[in-house]
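Novice:
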Amino acid sequence: MKTCVPVTGKDPENSNINPHFGSASFYAVYDSEKDTIIIEDASKDEHEHGMCNPAQTVMSHGADSVIVSGIGFKAIQKLNAAGIKVFQAETFDLMNEINKLKNGLLKEFDSDSSCHGH
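Residues in the sequence shown are numbered from 2 upward in steps of one, following the numbering used here.
1. What's the C-alpha gap between LEU106 and ASP12?
2. Can you list, in chain order, the stretches of the beta strand (DSSP E) that have 3 or more residues and sit fully within the stretch 38–105?
3. Using the Cα positions of TYR31 and ALA56, report the straight-line distance between them to the nearest angstrom.
4. Please report how far the alpha carbon of ASN97 lies from the alpha carbon of HIS62, in whole angstroms.
5. With contact counted as at least three CB pairs below 8 Å, one residue from each stretch, are the stretch 36–46 and the stretch 80–94 in contact?
6. CB GLU59 to CB ALA29, shorter than 8 Å?
7. Kindly give me the distance between the Cβ atoms of PHE22 and GLY10, rounded to whole angstroms, as I take these residues to be in contact under 8 Å.
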């Protein structure tokens with residue numbers, strides 16, 4: 002299983018989860034089969050508000066899930082329609098949230114908690 006996480010930096014050990022899915026400069030891609038994390042540059046996906054498609058970026062990595070702190074309702078709909086689960090981060094600590102994922106401790110994002118207007 003692959004999981005994408007919007008992050009603030011290039012180093013998995015020292016990166017925080019970006020507060021909003023659509024504003025990420027980088028994505029951490031966690032592969033549970035290999036137990037590896039790679040960081041992908043999302044700068045090529047820069048966009049104006051409302052003109053982004055980070056859901057497509059996630060799909061292009063073959064992700065089965067994402068871990069996010071904040072996300073818009075439409076993005077949740079797009080991801081769910083593609084069969085991608087959206088998990089809600091409880092902290093901004095990437096490694097902590099990956100460990101919670103490994104142990105089945107993350108909850109799926111409640112669309113009522115999404116960032117409305119996105």
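C-beta: ideal position from N, C-alpha, C; glycine also. All figures in this text were calculated on a predicted structure; none of them were measured in a lab.
Specialist: If we stick to the structure as given:
1. Walking along the sequence shown from the start, residue 106 turns up at place 105. Walking along the sequence shown from the start, residue 12 turns up at place 11. Their Cα atoms are separated by approximately 24 Å.
2. 66–69, 86–89
3. Residue numbering aside, residue 31 sits at position 30 when the sequence shown is read from its first letter. Residue numbering aside, residue 56 sits at position 55 when the sequence shown is read from its first letter. When rounded, the distance between both Cα atoms is 16 Å.
4. Taking the first residue of the sequence shown as position 1, residue 97 is located at position 96. Taking the first residue of the sequence shown as position 1, residue 62 is located at position 61. One C-alpha to the other measures close to 22 Å.
5. no
6. Within the sequence shown, the letter at position 58 stands for residue 59. Within the sequence shown, the letter at position 28 stands for residue 29. Checking the displayed sequence, the identity of residue 59 turns out to be Val instead of Glu. Taking 8 Å as the Cβ cut-off, VAL59 and ALA29 do not qualify as a contacting pair.
7. Locating residue 22 in the sequence shown gives position 21, counting from the first residue. Locating residue 10 in the sequence shown gives position 9, counting from the first residue. Wrong, their Cβ atoms sit about 16 Å apart, outside the cutoff.
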